[in-house]
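J.: By this note's numbering, the letter at position 53 of the sequence shown is numbered 647, and the numbering carries on one by one without gaps.
Glycine included, each C-beta is placed from N, C-alpha and C at the ideal position.
Quick one: structure below, then a few questions.
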Amino acid sequence: MSMTSDPYSPDPKRYDGRMPYRRCGRWGIQLPAITLGCWHNFGGDIVIENQRAMIYAAFDAGITHFDLANNYGPPYGSAEVNVGKILKDLPRDEILI
C-alpha cells in the first residue's frame with residue numbers, strides 16, 4: 595500500500611477465502627473471524643497515516659468489522675472521529691461498525 599495521496603483501491607482478492615466468515619443472528623450478516631478493535635491505536639495521539647495503514651491492511655485481509663465506542667481514544671471519542679475519516683474511503687456496504 596502506498597502512503598502517498600493516491601486514492602485507496604481495496605485488494606480485489608480480499609474475499610479469496612483467507613478470512614473465514616461466520617453468520618451472525620437471523621439476518622445472515624457475515625462477520626469475519628477477526629475484528630479490528632479501534633481503541634488505543636486510533637486515538638488523537640496517533641498519526642492518522644498509521645491508522646489509515648492499519649485499517650487498509652485489515653480490510654485488504656478481509657476484516658470488515660471494526661469495533662468502536664464513544665470512549666475510545668485517548669482522548670475519549672477521538673477514535674470514532676479518526677476511524678470515521680478513514681472508513682469514508684472504503685465501500686460502505688462492506689463495513690460493519
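For leucine 625, report the span of its beta strand (DSSP E) as first-last.
T.: 623 to 626
J.: Contact defined as beta carbons within less than 8 Å: I believe arginine 612 pairs with glycine 678. What is the distance between those atoms, to the nearest angstrom?
T.: Actually they are not in contact, since the Cβ atoms of arginine 612 and glycine 678 sit about 27 Å apart, beyond 8 Å.
J.: Using the three-state DSSP reduction, which class does glycine 656 fall into: helix, strand or coil?
T.: coil
J.: Between the alpha carbons of aspartate 605 and aspartate 654, how many angstroms are there, rounded?
T.: Cα to Cα, the separation comes out at about 5 Å.
J.: Run the CB neighbour count on asparagine 676, radius 10 Å, all protein chains shown included, and call it buried at 16 or more, exposed below.
T.: buried
J.: Do you know how far the Cα of isoleucine 640 is from the Cα of glutamine 624?
T.: 30 Å
J.: Tell me whether the beta-carbon of proline 626 lies closer than 9 Å to the beta-carbon of histidine 659.
T.: Yes, these two residues count as a Cβ contact at 9 Å.
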